[in-house]
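**Student:** Dropping a structure here in structure tokens format, bear with me for questions.
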Amino acid sequence: MRRAAAALLCLLLLCACAAPEQADALPQELVGSWVSAGNGDLIETMTLAQDGTISVQCTFRGKDTGTIRGVWHADGQTLFTDIQEGTSPYQAEFIWTVDGRELTLTDDSGTARYVRND
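Residues -18 to -1, 1 to 100 in mature numbering (1 follows the signal peptide of the UniProt record, and there is no 0) are what the sequence shown spells out, letter by letter.
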């Protein structure tokens, strides 16, 4: 029994030590809050959190139309999202660039621009 408890403790410690490494691997220039630029009546506020979670709150003409949530990570200049809450689950990937306070996301359907909101 003691061995099993010691093994479990070691496993938990290893997992705890690994979590910050994964979070540190996220591109810091992406982490933060971004608001859509140039979309007229539709405003998206996207938060890419340090812990790897993403939320996107949408408003249309000042009315809250809902929030989607999931997780994100990046590999080079590709941003991967896995949305699990607020809509039917889906995955998406975008090519990203940050220029100063502007984030550009591009996929097969086009380009979206966001401005840093924090």
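For glycine and all other residues, C-beta sits at the position ideal for the given N, C-alpha and C. Quick caveat, the model's predicted, so the values are computed rather than measured.
Are G34 and I50 closer than 8 Å when you measure CB to CB?
**Tutor:** In this structure, I50 does not lie closer than 8 Å to G34 by Cβ.
**Student:** How about L30 and V13: do their beta carbons lie closer than 8 Å?
**Tutor:** Result yes, Cβ atoms of L30 and V13 sit closer than 8 Å.
**Student:** Alpha carbon to alpha carbon, how far is F62 from A56? Give it in angstroms, no decimals.
**Tutor:** Going from the Cα of A56 to the Cα of F62 covers about 6 Å.
**Student:** To which residues of the same chain is D90 closer than 6 Å at the C-beta, ignoring the five residues directly before and after it?
**Tutor:** No residues qualify anywhere along the chain.
**Student:** Ordered along the chain, which non-local residues of its own chain (more than five positions away) have a Cβ less than 7 Å from that of G48?
**Tutor:** So the qualifying residues of the chain are C40 and G68.
**Student:** At a cut-off of 7 Å, would you count H55 as near the ligand PLP, judging by its Cβ distance to the nearest heavy atom?
**Tutor:** Annotation note on the ligand PLP: not contained in the displayed structure, which lists no ligands.
**Student:** For D81 and P71, I'd like the C-alpha separation in whole angstroms.
**Tutor:** Those two C-alpha atoms are separated by around 30 Å.
**Student:** Check the DSSP bridge columns for E11 and list the partner residues they point to.
**Tutor:** DSSP output for E11 lists no bridge partner at all.
**Student:** Going by CA-CA distance only, name the one from R98, Q59, G22 and I77 that's closest to G44.
**Tutor:** If we check each option's Cα against that of G44, G22 comes out closest.
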